[in-house]
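Numbering (the UniProt record's numbering), first residue to last: 1 to 59.
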């Protein structure tokens, strides 16, 4: 039978292995790129030329 301290030590070791594995396989997420890709997938290309004829054509 394992003692309480041995069980706690095993849990901590398992957690340390889990954290090391998680850090090894996690990838960073670039929010701006992900948002742009999602918007493009849902609405098509959202990049439109910036043309403003607000007051410049009032000659």
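Ideal placement from N, C-alpha and C gives every residue a C-beta, glycine not left out.
Helix, strand or coil at residue 2 according to DSSP, with G and I counted as helix: coil
Three-state secondary structure (DSSP) of residue 45: coil
As assigned by DSSP and simplified to three states, the class of residue 30: coil
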